[in-house]
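Chains as they are written, first to last, in the working numbering: chain A, 1 to 730; chain B, 1001 to 1351.
Virtual Cβ for every residue (Gly too), placed ideally from N, Cα, C.
Keep in mind that this is a model prediction, so the values were computed, not measured.
Contents: one structure, followed by commentary.
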Amino acid sequence: MRPWRWLVAVLVATWLLPAAARATDRDGRIRLWHAWRGEEEAALAELLESWDGPTVEVLAVPYDALSSKLGSAIPFGEGPDIFVDSHERLGEYHRRELVADVGDAFEDGAYVGEAVDAVTIDGARFGVPLSMKSLALYVNDDLVAVVPGDLEGIAALAETLPEGVVALAYEANNAYAHAAILHACGGRLLNDDDSFGFVGPAAETSIDVVLDLLDAGVVPREADGALVTNLFRSGKAAFAMSGPWLAADLATPEGDAVRYHVEPLPLLARTRGRLQPLLTVESAMLSPSGAARPEVRRFAAFLASSAAAARRAERARAVTARTDTPSADPIVRAFAAQGRAAVPMSTRPAMRAAWEPANKALRKILRGDAPVTEALVEAEHRFAMVMRPPPPARSPTILLVVIGGALMFGAVVLVQRARTRAFREQVRRSIPAWLWVAHAVFVVGVLVVLPLLVGTATSLFGGPPGDVHYVGAANFVDILTARGGPLLASGSFWLTLLVTVLWTVVNVALHVGLGLAFGILLARPVLRMRAMYRVLLIIPWAVPNYVTALAWKGMFHRQFGAVTGATMALGDWLGVTIEPIAWFSRFSTAFTANVATNAWLGFPFMMVVTVAALGSVPKDVLEAAEVDGASRWQRFRHVTLPMIGPSLVPAVMLGAIWTFNMFNVVFLVSGGDPDGTTDILVSEAYRWAFTRDAQYGYAAAYAVLIFVLLSGITRGLDRIGAAAKAKVGP
Amino acid sequence: MVEIRLRAVSKRFGDTVVLDGIDACFPDRSFVVLVGKSGCGKSTLLRCIAGLEEVTEGGIEFGGRDVTRLAPRDRDVAMVFQSYALYPHMTVRRNLAFGLELRKEKRAVIDARVAEVAKLLEIEHLLDRHPRALSGGQRQRVAMGRAIVRRPAVFMFDEPLSNLDPTLRNTVRVDIRRMHDDLGATTIYVTHDQVEAMTLADVLVVLDRGVVQQIGAPIDVYRNPANRFVAGFVGSPAMNFLDGRVVDSTVELAGGVRVPLPEGTPAVAAGKTVVVGIRPHDVRRDPDGTVAFVVELVETLGSHVHVHGRVGDAVFVAAFEGHTGPKRGETLSLVVDRLHLFDPETGVALR
Ligand SMILES: Nc1ncnc2c1ncn2[C@@H]1O[C@H](COP(=O)(O)OP(=O)(O)O)[C@@H](O)[C@H]1O
Ligand SMILES: [Mg+2]
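Pasting the structure below:
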C-alpha cells in the first residue's frame, strides 16, 4: 500500500475534473446564476421550458454569497454569462469590470424611467430590469374607511383608533425605511458627489417628522421587521409601510390574515413632497464574456420580455418594470405605481459605507440620546472616516527582502544539515512516518495554516476589492493609532479592546460562578430528579446561540419585551411607576443585556465541566476536612475548589476564547449600540469587512491582532493551569 | 478524654439495616477495637460516632453530652482514614496545620504544635512536600499527625494499617498503641484483623451483621466467647468445631470418641446434642489420650507447629509448641485440656 499514490491520484483528479467540465460548457451553453427562491425560482423554471435557444445551466446562489462569488469567478473566466442581482451592486461590479454593457438586450422605451435610471451608469445600460422592490403603504380596511392623503392625516387618525392599535407601523430607526421621508423633505442618503447626504436641513426636517410621530404615539418605538409584520397581521396597526414580503406574510391557507389593500405612500404636508421609498431594481446583468455572445443577450431580452414579466407577476407577484405589462393583481399594481414614485438606490460603491453611520445616527436620535444636528454631523464624520482614501501603495521590497532572506537562511541551514550523514540517514528513516501523517498535515495545512497565511497576507493590503495594493503595515499603524483620533474615542481599537476585555472577564466570571453553583447543586446526591434538572440546565447550551440571542434581544425590547413587561408588572405590584428602560441607549444597560444573554448561553458548559471535575474529588478527603472542622463553605473554598481548579483551567481558557470572539451575541443583541460602544473586536472587524465598503485588508489586520491577543491569553492561562496542576499532582 | 456511650444505635440505608440496636459504653481513655468481617458495619458505626453519618435511631453521648445531632467538628474527634485522605494540594505542613487554622489558633501556637507532632512522628524532613511525594508509610504518619495535632477527645482509626506492608504494619501498630497511652484520649479503632484487635484493644467489640456479638477485654473474649461466631472469629488458628452429645461427664463425638469434660466446664443436661469447640492450643499429645487425630499436613512456624488433620470425619487443627512436628499419615492420641460447648441451633455458648 502506497498511500501517497492515492493522494496524488485524488489531487490530479480534482484538478482535472473542473477543467474537463470547463472545456465542455464552452460549446454554446448559457450559464445563469441567480438568488431566487420559492415561487420566483419556480417561475424561472417555467420560463426556461419555453426558451428555444441554447441550453441554460442554472445555478442558485445564496443572495449574501452572490456578489463575492461573482467577484472571485468572473475575472478567471469561471463565472456565469448572465446573472440576476440587485441594481445597487452595479457600481461595484462596474468598477471591478464584472459586468458589461447589455447592448441590444435592453429594449428602449419599454421600462419605467426609475428602473432605467437604476441600471444606467455613465449613459450606458448595465442591466436589463426584471422587477422592482420598494416599500408601499398597507392599509387595514377594517380600521380605515378613508385613506388620508398625507402623513399628517394618518397621524391625526391615531386619535380615533381603538386602544392598543398604532396608526402606522414601520421600521422608524432603519435608514432604508426612513429614506422615504427623507426624500419627501428633499434629501438623499448619498449625494451625487459621493458625499454623505444624511446631514443638513433636509435630514433634520425628516427626523423632526419622525420624532413628532413617535412622541404622538403614532408609530411604535424600536420596531423591527418582525414587529411590523406582527402588528399589522394581528390588526394592531392601521397602516404599515412595508415591502412585498409583508403581503407574503399576511397570506394564510385560509386567505389573508386581515382585510387590506396596498397603495403608494402618501404626501408629507409639511414639505408638500411625496414620500418616496428607495427602489431596488432586480436586473439581469451580463458578464463581459456573456455580453459578447448574441445568444446570451437574446436570453437576457427573453427573461425581461413582457411574457416573462407576466409569468413572474402571476406566479410570484413580481412587480415588473415594464410599462406594457400591467398586472391584474391590485397589490402588484400598487407596487408598480409606487415604483414610478420611488428613488432608485444609488449604485455608487460609497453607498455601502453610508448605511452604518446613517442607521447609528438615526437610532441614537430616535432614542433621544443625542441632539439631531450633533448626531448627524457625527455620522458624516464617521462616513468620511470609512471613505478616507486607502493608505498609499508601498513598495513591497522590504517585505520581500525579509521573506527572501528568511527562506534563504532556512535553505542554507537545511543544506548544511543535509550534508551531514546522520541527518540524511535520519530523514531516510523518517520517510515512512511522514507518509502516515501526510493526510493530516495536508488537511491541517489547507484548513488551518493556509487561511491563516492568506489572512495575514491580506492584512498587508489596502484599497477596494478588485483594486488592492500592498500598503505595508499601514493598516496596523492606522488601527493602533486609532486613525489619528483620540485613543479612546468610540470605534477606536483601544476602546474596543477595553470593552472586549471587560466583556470577556465579566462573562467568564459569570460562567464560572454560575457553572460552579449549578454544578455543585447538581452533584449533591440528595437532589431528587437530578437527571431532569441536568437536562433543563443544558438546554441553553443546546439551542443554537443565534436563536437565543434573537430571543433575548426581543425580551429587551423597550415597548414589547418580556423584561420590560416584568419590570412594569413588578412596578404595578409595588405600586410605583417604573419607566420602561431603553436597554440599548446606554452603554451600561446594553452591555448588561449582552452579558445576560451570553451568561445564559455559556454557563451550562462550565456546569458540565464542574460536575465532571467534582466527580474526581475523593469523598473521604472532604470528610477529612469535615472532621477537621471545616464548614460547608470552608470545605468548598479550601478543598474542593483547589482540587478542581486545574481541571477547570482548560475550560476557562476555551470559555475565554469563545467569549472574546462571541460575535453572535454582540451583533444580534445590542448590535454595538449605543454608538458602537458595546462592539467587541470581532464584530468591529466584521463591520470593516462587510458593512464599510469592503475594507478587507483593514478587517484582516483586526483579525491578526485578535489572533495575537488570543495567543497571548492562551499562553498565560496555560502557565497558570500548569502551575496549579503541578501542585496537585496525579 | 471522654466516656462514649451508645444507646440502641441503629442505622439503615433505605431498607438495608446496617446497624441494629447497638448499646455500648466505652470508658474514658480506653482503646476500643471494633472488629468483624468485612461488610459487618464497623466503618458505619465508626462514622456514626464521628458524625459523618446520621444515626437512624438511638443516641450517642460523649462524656454525658448528647452529640447525636452534632456535626463532626462539634464533637471534638479526629479520624485517620483507610486511604489517609490527605489534602493533595497542600504541603504536609499545611495538612497538619489545616484543622488548627480552621479553629483560628494563633500562628505561633500552630507552628509549635506542628513542629512537636512532626518530631514525635519523625516526619520533620517531609514538612514541605506534597502528599504525592510520600511513600505509603509516610502518608500514614502524616494522617496520624493530622489527627494528633488537634488534641481531640476521641481518636478514630478506620483500618489504618491495611495499606501498609506486613513488617511496617507491626511497627506502626505498636506506635499507635504507644501514642494512645501517651496522649490519653479515647481511641476507637476499626479492623477486620483479629490479631490487631487482640493486641491493641482494651475493649474489644465483635460485630456481625450490624449486631454486637460480644464486648469485653480481649482475654475474656478469647477465654469465654459468647457464641460460636465470636469463638470462631477470635483466636488463631481458628477454633475447631465438632458435633457431639453430652453423656455423663463426657461428650461423645461423632464416631463414638468420648472426651471427658475438663474441670470448669459448665454442667449440661445429659443427652443434649451440642457443638464442641476446641482451640488448637488446648490439646496435648498424650499416649493416654482418647482422641485419635490423623495428621494430613504440618505447618512449621518456628516456635510452634500447626498440624492439620482429621478427628473421625471432622477437620481438625492442633497447635503444638516446639519446632518438630509429627509426620504425615501418623495417628496421634490427644488430650483435650479445655473445651467450649455451644447450642447447635442458636450458637450461644452453654455455660
Ligand atoms: N451509603 C451506603 N448506602 C447503602 N449501603 C451502605 C452504605 N454504606 C455502607 N453500606 C452497606 O453497609 C454495610 C456495612 O458497610 P461498612 O460499615 O462499610 O462495612 P465494614 O464493616 O466492612 O466497614 C455493607 O453491606 C455496605 O454495603
Ligand atoms: Mg470498612
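Following a CB-centred definition, is B:Val1018 positioned closer than 8 Å to any heavy atom of ligand 1? Short note on B:Val1018: C-beta closer than 8 Å to some heavy atom of ligand 1.
Comparing the C-beta of A:Ala723 with each C-beta of chain B, is any distance below 9 Å? no
Which residues bound the beta strand (DSSP E) around A:Thr420? Counting along the chain, A:Thr420 falls outside any beta strand (DSSP E), and DSSP gives it neither H nor E.
Would you check if there are 3 or more beta carbon pairs closer than 8 Å linking the stretch 594-609 of chain A to the stretch 625-636 of chain A? no
For a test of the three-state rule: what should DSSP assign to A:Thr24, helix, strand or coil? Low confidence applies to A:Thr24: its pLDDT is 44, below 50, so where it sits in the model is not reliable, and the reading given next is rough at best. Helix, per DSSP.
Under 9 Å, Cβ to Cβ, is there at least one residue of chain B near A:Gln426? no
Cβ-based burial, B:Thr1273 [other Cβ within 10 Å; buried from 16]: exposed
Let me confirm a value: A:Gln695 is counted as buried when at least 16 other C-beta atoms fall within 10 Å, else exposed. Which label applies? buried
Report yes if the C-beta distance between A:Pro266 and A:Gln338 is below 9 Å; otherwise report no. no
For chain B, find out if any of its Cβ atoms is closer than 9 Å to the Cβ of A:Gln634; answer yes or no. yes
Cβ of B:Pro1088 within 9 Å of any chain A Cβ: Among the residues facing chain A, B:Pro1088 is included, as its CB has a counterpart in that chain under 9 Å away.
Considering Cα atoms alone, identify which of A:Leu480, A:Tyr546 and A:Gly484 is closest to A:Leu497. A:Leu480
Nearest neighbour of B:Glu1159, chosen from B:Val1149, B:Ile1176 and B:Pro1152 [CA to CA]: B:Ile1176
A:Val639 CB to nearest chain B CB: under 9 Å? yes
Could you check whether the Cβ of B:Val1190 sits closer than 8 Å to any heavy atom belonging to ligand 2? yes
Length of the line joining the Cα atoms of A:Ile154 and A:Asp81: So the two alpha carbons sit approximately 48 Å from each other.
Between the stretch 1278-1289 of chain B and the stretch 1330-1341 of chain B, are three or more C-beta pairs nearer than 8 Å? yes
Please return the same chain residues whose Cβ sits closer than 7 Å to the Cβ of A:Val102, not counting the five positions on each side in sequence. Arg125, Phe126, Gly127, Val128, Leu286, Ala291, Arg297 and Ala300
Could you work out which residue in B:Thr1250, B:Arg1338, B:His1308 and B:Pro1344 is closest to B:Pro1366 when comparing CA atoms only? Lying before the first or after the last residue shown, residue 1366 of chain B is absent from chain B, which here runs from 1001 to 1351.
Report the three-state DSSP secondary structure of B:Asp1337 (helix, strand or coil). coil
From what residue to what residue does the alpha helix (DSSP H) around A:Trp245 run? Pro244 to Leu250 is the span of the alpha helix (DSSP H), which, as asked, contains A:Trp245.
Going by C-alpha to C-alpha distance, which of A:Gly187, A:Asn507, A:Pro54 and A:Arg37 sits closest to A:Met653? When the alpha-carbon of A:Met653 is set against those of A:Gly187, A:Asn507, A:Pro54 and A:Arg37, the nearest one is in A:Asn507.
Can you name the residues of chain A whose CB is closer than 8 Å to the CB of B:Ala1050? In chain order: Val627.
Can B:Lys1106 be considered in contact with ligand 2, in the sense that its beta carbon sits closer than 8 Å to one or more heavy atoms? Flag unset: Cβ of B:Lys1106 not near ligand 2.
What in chain B is Cβ-close to A:Met643, meaning under 9 Å? In chain order: Tyr1087, Pro1088 and His1089.
Along the stretch 1062-1080 of chain B, where does the CB come closer than 8 Å to a CB of chain A? Name the residues. Taking 8 Å as the cut-off between beta carbons, the residues of the stretch 1062-1080 of chain B near chain A are Ala1071, Pro1072, Arg1073, Val1077, Ala1078 and Met1079, in sequence order.
Are the C-beta atoms of A:Glu623 and some chain B residue less than 9 Å apart? For A:Glu623, the closest Cβ of chain B is nearer than 9 Å.
Check whether the Cβ of A:Ser72 lies closer than 9 Å to any Cβ atom in chain B. no
By the DSSP assignment, the alpha helix (DSSP H) with B:Cys1048 in it spans what residues? Lys1042 to Ala1050
B:Ser1010 Cβ short of 8 Å to ligand 1 heavy atom set: no
Should A:Ala582 and A:Glu222 be called a contact, given that it needs their Cβ atoms to be closer than 9 Å? yes
Quick one: which chain A residues come within Cβ less than 8 Å of B:Arg1103? Gly629
Rounded to the nearest angstrom, what separates A:Val58 and A:Ala307 at their Cα positions? 20 Å
On a CA-only basis, which of B:Gly1322, B:Val1291, B:Ala1133 and B:Val1315 is nearest B:His1304? Give me that one, please. For B:His1304, the nearest C-alpha among the options comes from B:Gly1322.
B:Leu1207 CB to nearest heavy atom of ligand 1 below 8 Å: yes
Cα separation between B:Thr1171 and B:Arg1146? 19 Å
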